[in-house]
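Now the structure itself:
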């Protein structure tokens with residue numbers, strides 16, 4: 010079915026599942042470890058997906074802020090829920106100021122094609138590596154680390170990863186049996202068969218949404234512990250990277266006229282202000298998420314609307330057991346989605362022509378992959394790029 014420019018079919022729906030490999034592990038870990046409300050997290054994720062689909066008319070992703078999430082998961086004793094709320098508010102204000110003043114367009118001049126391709130290649134490597142970790146993990150589920158089930162000494166999770174990866178490769182171009190839809194559906198069924206929902210009682214309804222009033226100390230801690238480390242990655246990936254990936258995948262024209270630095274900065278700024286107010290999970294866009302949706306079939310905003318509605322239903326109807334539902338997807342299936350998303354993103358380097366640009370891009374990718382800090386990689390890349398230009402070095 011097609012309504013205007015929005016398509017609602019199984020291929021679009023399959024594409025909408027493409028970024029679950031990033032969204033599910035981080036969001037589930039945040040909800041389990043920090044105590045974030047399931048309904049707050051999934052409600053805002055679903056609403057933002059729908060609004061992005063309606064406004065941009067493209068499969069624009071919604072992802073957790075990776076640096077913020079990683080720090081909150083690693084140091085739950087230091088990152089309280091009021092600090093998380095403060096981070097969302099500060100992050101929203103910073104992005105809105107950058108977008109409304111035009112500062113974000115001025116910063117864009119530092120993100121040359123070589124820099125962008127380096128960031129995309131590095132993120133691609135990171136996604137592939139994380140995907141392989143999920144596939145090689147002996148545990149079957151995220152929420153139950155002791156669920157190591159083996160057949161003939163080989164963990165079931167690894168078997169699912171190998172077989173699922175082959176099936177995904179064979180179905181990548183299929184419109185009749187979209188790869189992501191087949192693999193995620195089969196994975197969910199396998200998860201249920203292996204007891205993912207055995208100890209779950211069917212309790213319907215949302216979880217409580219709690220409004221926070223962060224203190225001055227909460228705002229100070231949020232700024233220095235969470236927001237400042239996150240900003241370089243957000244500018245490079247969620248703003249510049251998503252814009253460039255949109256134009257690379259969909260071309261420059263009427264279809265992508267709304268895909269601008271200011272627009273992405275503004276949309277993320279507005280939603281994070283609301284998220285901060287209701288104690289949700291700070292979110293962003295992302296080049297990797299867009300590549301994932303595209304790789305598995307998404308071409309219109311209809312993809313966003315469908316996955317957004319799924320999250321809304323889980324948030325409002327199944328909020329109390331939402332974590333259990335999401336955790337029923339085997340680790341290997343999430344890994345498969347990450348691997349193919351990473352490949353799509355990494356392959357964008359293929360349009361590079363000059364050796365100097367290749368050098369800068371690969372340097373950024375290597376540093377980013379080795380350190381998992383794209384902010385450091387970005388700054389090193391800029392310094393090296395300008396040194397090469399200043400000294401007229403030919404590689």
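Numbering (this note's numbering), first residue to last: 10 to 404.
Built from N, CA and C at the ideal position, the CB exists for glycine as well.
These numbers come from a predicted model, not from an experiment.
Residues near residue i in its chain [Cβ-Cβ closer than 6 angstroms; skip 5 each side]
i: residue 169; result: 339 and 341
i: residue 236; result: 96, 99 and 100
i: residue 319; result: none
i: residue 91; result: 221, 223 and 227
i: residue 187; result: 19, 20, 23 and 306
C-alpha distance - residue i paired with residue j, whole-angstrom precision
i: residue 192; j: residue 174; result: 9 angstroms
i: residue 126; j: residue 208; result: 46 angstroms
i: residue 64; j: residue 34; result: 27 angstroms
i: residue 89; j: residue 184; result: 45 angstroms
i: residue 213; j: residue 358; result: 47 angstroms
i: residue 345; j: residue 225; result: 43 angstroms
i: residue 157; j: residue 289; result: 32 angstroms
i: residue 252; j: residue 295; result: 9 angstroms
i: residue 167; j: residue 178; result: 16 angstroms
i: residue 337; j: residue 136; result: 21 angstroms
i: residue 149; j: residue 335; result: 13 angstroms
i: residue 17; j: residue 402; result: 51 angstroms
i: residue 325; j: residue 59; result: 15 angstroms
i: residue 215; j: residue 351; result: 34 angstroms
i: residue 86; j: residue 348; result: 32 angstroms
Residue i Cβ short of 6 angstroms to the ligand ADP heavy atom set
i: residue 260; result: No copy of the ligand ADP appears in this structure; indeed no ligand is present at all.
Where residue i falls: helix, strand or coil (DSSP)
i: residue 221; result: coil
i: residue 292; result: strand
i: residue 159; result: strand
i: residue 239; result: helix
i: residue 400; result: coil
i: residue 28; result: coil
i: residue 338; result: coil
i: residue 116; result: helix
i: residue 353; result: helix
Neighbourhood of residue i by C-beta distance below 7 angstroms, restricted to the same chain and skipping five residues each side
i: residue 57; result: 71, 280 and 292
i: residue 40; result: 47, 50 and 332
i: residue 298; result: 28, 31, 70 and 72
i: residue 405; result: This structure gives no information on residue 405, because the portion of the chain shown stretches from 10 to 404.
Bridge-paired residues (DSSP) for residue i
i: residue 72; result: 293
i: residue 12; result: 15
i: residue 164; result: 159
i: residue 148; result: 157
Residue i at chain C interface by Cβ criterion, 7 angstroms
i: residue 274; result: Given the protein chain composition of this structure (a single chain), no chain C is represented.
Proximal residues to residue i (C-beta, below 8 angstroms), its chain only, five neighbours per side dropped
i: residue 274; result: 104, 105, 107, 108, 113 and 248
i: residue 378; result: 131, 134, 135 and 138
Below 8 angstroms, can you find three or more Cβ-Cβ pairs linking the region 302-310 to the region 236-249?
no
Any contact between the region 269-276 and the region 311-328? By contact I mean 3 or more CB pairs, one from each, below 8 angstroms.
no
Are three or more beta carbon pairs between the region 254-261 and the region 101-112 nearer than 8 angstroms?
no
Tell me whether the region 274-289 and the region 297-306 touch, counting them as touching only if at least three CB pairs, one residue from each stretch, are closer than 8 angstroms.
no
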